[in-house]
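Residue numbers for the sequence shown follow UniProt numbering, so the first one is 1 and each next one is one higher.
Beta carbons are placed, not taken as given, at the ideal position from N, Cα and C, and that holds for glycine.
Notes follow the structure.
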Amino acid sequence: MCNSLAAMCNNKRTDWDQQLSKLIFAYNTSRHVTTKLTPYEMMFGRLCKLPFDLPQTTTIIEPYQYVKQLKEYLELTKRIARTQIIHGQEKSKQRYDANRTNEIYSIGDFVYFKRIGLGHKLTPKYRGPYQIIQQLNESIYRIQNPNNLYDIINVHVNRLRRFYAPQ
């Protein structure tokens, strides 16, 4: 979105706040790759209509009939979105797994593990060394801090890095 906003702004980038509503409208009325639906359609149960999209004559339906149709359409969009999201996740997993090889660690190996959620620039990204005490499945290891035997963590292999002792 930042790139789109930058493209819409003037050369000095001073009118970004005036362009924001246009960008949000464009985003909300664009079909998303994963869900194959627009956010507007997901929220309101119909495609967004602009004045030039409105027909010259309109048919008036009873309010209860409109509410019934709207509920049915919203349920349909939820099912479609859920199906498309699951399909997209499966495709992403296949692409990820195609090139991924997990490193294999043995019980007793020492490793560092990557911290998650810390955005501080000067905070170390890895903690350790920890010792592998158990392999729970092909991608999850149980590690223990050798200096604190109560510090035991289950960690995905993607967050582990082998520890090499200084020589």
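In the DSSP assignment, what residue or residues form a beta bridge with residue i?
i	result
residue 111	130, 162
residue 156	140
residue 145	148
residue 135	141
Measuring alpha carbon to alpha carbon, tell me which of the options ends up nearest residue i.
i	options	result
residue 105	116, 141, 145	141
residue 19	56, 150, 60, 8	8
residue 132	166, 124, 160, 61	160
residue 107	123, 26, 21, 136	136
residue 73	53, 155, 40, 51	40
residue 78	91, 89, 38, 56	38
Do the CB positions of residue i and residue j come within less than 8 angstroms of each other?
i	j	result
residue 126	residue 115	yes
Can you grab the Cα-Cα spacing for the pair residue i / residue j, in whole Å?
i	j	result
residue 128	residue 109	12 angstroms
residue 14	residue 149	57 angstroms
residue 96	residue 67	43 angstroms
residue 100	residue 163	21 angstroms
residue 33	residue 45	18 angstroms
residue 49	residue 5	23 angstroms
residue 31	residue 64	29 angstroms
residue 103	residue 166	21 angstroms
residue 27	residue 123	36 angstroms
residue 70	residue 62	12 angstroms
residue 94	residue 83	17 angstroms
residue 75	residue 16	37 angstroms
residue 51	residue 60	18 angstroms
residue 3	residue 155	36 angstroms
residue 47	residue 21	18 angstroms
residue 89	residue 29	23 angstroms
residue 117	residue 25	32 angstroms
residue 54	residue 91	38 angstroms
Thinking residue i and residue j are a contact (beta carbons under 8 angstroms), I'd like their distance in whole angstroms, please.
i	j	result
residue 152	residue 113	With 8 angstroms as the limit, residue 152 and residue 113 do not qualify as a contact, their Cβ atoms being about 12 angstroms apart.
residue 86	residue 36	At roughly 12 angstroms, the Cβ-Cβ gap does not stay under 8 angstroms, so residue 86 and residue 36 are not in contact.
residue 139	residue 157	5 angstroms
residue 183	residue 23	No answer is possible for residue 183: it lies beyond the span of the chain, which begins at 1 and ends at 167.
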